[in-house]
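>
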Amino acid sequence: MSPFSHSHGRGGRHGGRGRHGGPEADMAARGRRGRMFDQGQLKLLVLHVLDAQPSHGYEVIRAIAELAGGDYSPSPGTVYPTLTWLEDMGLAQSGAEEGGRRQYHITPEGRVQLQSRREHLDALLMRLREGRRHALARRAPEIERAMENLKTALRLRFTGGAPDAEALQRLAAIIDRAAVEIGREAGGSARAAGEAAP
């Protein structure tokens with residue numbers, strides 16, 4: 001069985017829950033609020049980052065945030081216990097550097113585990129790339145300007161008191177029509193992309 005399917009409470013050179021406990025409890029709590037990753041996926045992502053280059057904990061956090069497009073950043077309280085777990089399992093190793101920071105490296109055993117879960121990693125990275133593409137589109141200057149214009153127009157319309165019920169219905173209808181048009185545009189773009197694909 002892959003160590004990625006184990007909780008932090010099992011295995012590891014130190015036994016028990018490791019030096020700092022495990023991120024699964026934190027991830028489960030995030031799950032109740034809508035978590036970003038399933039169990040084990042963060043471990044896989046951290047190994048992927050370390051495989052690219054040795055990194056400090058903060059650099060791992062930043063690399064995962066960049067993979068997610070900036071809309072998500074894992075908490076230090078999740079990433080650092082994950083690094084500790086990977087080290088306990090022999091999949092990563094660390095060394096103290098000047099300034100007291102610890103830099104983590106992937107081990108040969110870590111690369112074997114990463115390769116054995118290549119299909120899972122590729123699917124996860126594809127999902128993150130899609131999310132990143134959507135995040136970047138939402139932050140396009142044209143979209144941000146249009147959204148600010150809408151908010152400004154609504155603020156001005158509500159200055160001096162709320163409109164009457166009939167005016168509110170008209171405003172809601174205008175926004176609803178815009179939402180429908182945006183949905184149609186998204187569907188048309190998706191169809192065009194599908195037709196253009198070889």
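Numbering (full-length UniProt numbering), first residue to last: 1 to 198. All residues carry an ideal CB built from backbone N, CA and C; glycine is no exception. Computed from a prediction, not measured in an experiment: that's the story for all the values here.
#1: Within a Cβ cutoff of 6 Å, which residues of the same chain sit near E109, ignoring the five residues on either side of it in sequence?
#2: Hey, how far is the Cα of E59 from the Cα of W85?
#3: Pull up the DSSP beta-bridge partners for Y58, would you.
#4: Roughly how many angstroms lie between the CA atoms of H56 and P141, to the nearest whole one?
#5: Write down the C-beta distance between I64 and P76 rounded to the nearest angstrom, noting that I regard them as a contact closer than 8 Å.
#6: How close, in whole Å, do the beta carbons of Q93 and T82 come, if the pair is a contact with beta carbons under 8 Å?
#7: Is it buried or exposed for G69, if we count other Cβ within 10 angstroms and need 16 for buried?
#8: Determine the burial state of residue 267: buried for a count of at least 16 other Cβ atoms within 10 Å of its Cβ, exposed for fewer.
Let's see:
#1: Here the set comprises G90 and L91.
#2: Roughly 17 Å separates the two Cα atoms.
#3: Y58 pairs with nothing; no bridge assigned.
#4: CA-to-CA, the gap between H56 and P141 works out to about 33 Å.
#5: Not confirmed; about 12 Å, so no contact.
#6: Not quite, the Cβ-Cβ distance comes to about 14 Å (not below 8 Å), so this is no contact.
#7: Answer is buried; the Cβ neighbour count reaches 16.
#8: Residue 267 falls outside the range modelled here, since the chain spans only 1 to 198, and no answer is possible.
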